[in-house]
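Since the structure comes first, as structure tokens, the remarks are kept for the end.
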Amino acid sequence: MNIAVIGAGNMGAGLARLFASSGHQVVIGARQPEKAAALAAEIGSQVQGGGIAAAVKLADIVVLALPYGAAAEALKEAGDLSGKVVVDISNPLKPDFSGLVIGHTTSAAEEIQALVGKAVVVKAFNTVFAQLLPREARAARPLQVFVAADDAAAKAKVTELAASAGFEPVDAGPLGNARYLEPIGMMNIAFGYFLGRGPTVAPAWASF
Ligand SMILES: NC(=O)c1ccc[n+]([C@@H]2O[C@H](COP(=O)([O-])OP(=O)(O)OC[C@H]3O[C@@H](n4cnc5c(N)ncnc54)[C@H](OP(=O)(O)O)[C@@H]3O)[C@@H](O)[C@H]2O)c1
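So, in structure tokens, the structure goes:
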């Protein structure tokens, strides 16, 4: 798959490295193109890096590895997104991590869908800490990725992408279920950082 990872922070770097090592063509886009280029050079394996619009142009799947509050500005820079799959991985946190800035009647994913017009948004990866992106960090057991989307083909693509990177994708229903996935991401942060479990915890859905 041709994947643009927008953002070169913890998640952007981790996902770019993971997807490249899983056999995908990866291009990193950042507001500071030199940062993306340096990260791409560090990862190697033919990863490219530069500006946001240039990265988006080369990709079918665009992963927004940005704070939710930065999505609108970055999407303005992104250019034409028609026909692309946009993956929203965000937990729309308050700046002091005390909660979420939106929820109940909407979600970050739905708000991003409203911004991207003819692109299709898929919610995924928001419950996976950056520390668990490397395959070796999750070798002990399968790690679930909840995938929510309204478009079946887009959901299938992101499901395939997650599986190719060694995750256990879980169909989480329509995009509106991001209203529930985002609070689960927040609870995971609470377990990881405020309740003493550390950032290698992750939620899992099980049948008994
Ligand atoms: N970290 C985790 O474990 C984790 C887990 C699940 C989901 N998430 C979600 O993943 C997303 C990224 O988190 P992160 O931990 O990777 O954050 P991060 O390390 O702080 O990186 C954020 C990236 O966003 C870029 N950025 C910020 N404002 C921007 C703007 N206005 N326009 C363009 N780029 C902008 C930053 O660029 P500069 O370098 O130029 O500042 C940086 O590359 C968040 O939505 C978060 O909720 C994180």
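Numbering-wise, the sequence shown is residues 1 to 208 according to this note's numbering.
From the three backbone atoms N, C-alpha and C, an ideal C-beta is built for every residue, glycine too.
In angstroms with no decimal places, state the Cα-to-Cα distance between residue i and residue j.
i           : j           : result
residue 103 : residue 176 : 10 Å
residue 126 : residue 118 : 23 Å
residue 137 : residue 46  : 24 Å
residue 120 : residue 85  : 5 Å
residue 57  : residue 80  : 8 Å
residue 39  : residue 6   : 12 Å
residue 2   : residue 23  : 10 Å
residue 78  : residue 160 : 24 Å
residue 9   : residue 65  : 7 Å
residue 60  : residue 141 : 30 Å
residue 174 : residue 124 : 12 Å
residue 153 : residue 26  : 21 Å
residue 106 : residue 143 : 27 Å
residue 201 : residue 130 : 11 Å
Does the beta-carbon of residue i have 16 or more other beta-carbons within 10 angstroms, so that it is buried, or is it exposed?
i           : result
residue 146 : buried
residue 110 : buried
residue 208 : exposed
residue 182 : buried
residue 17  : buried
residue 93  : buried
residue 122 : buried
residue 196 : exposed
residue 20  : buried
residue 188 : buried
residue 32  : exposed
Taking Cβ to Cβ, would you say residue i is nearer than 8 Å to residue j?
i           : j           : result
residue 163 : residue 169 : yes
residue 158 : residue 62  : no
residue 115 : residue 15  : no
residue 49  : residue 28  : yes
residue 90  : residue 108 : yes
residue 4   : residue 37  : no
residue 203 : residue 184 : yes
For the alpha helix (DSSP H) holding residue i, just list the boundary residues, first then last.
i           : result
residue 38  : 33 to 43
residue 13  : 10 to 21
residue 185 : 178 to 189
If you follow the beta strand (DSSP E) that residue i is part of, which residue opens it and which one closes it?
i          : result
residue 4  : 2 to 6
residue 28 : 25 to 29
* To do: May I have a chain-ordered list of the alpha helix (DSSP H) segments no shorter than 4 residues that lie completely inside the segment 54 to 81?
  => 71 to 78
* **Ordered list of alpha helix (DSSP H) runs contained in the segment 92 to 167, each at least 4 residues** => 108 to 116, 152 to 164
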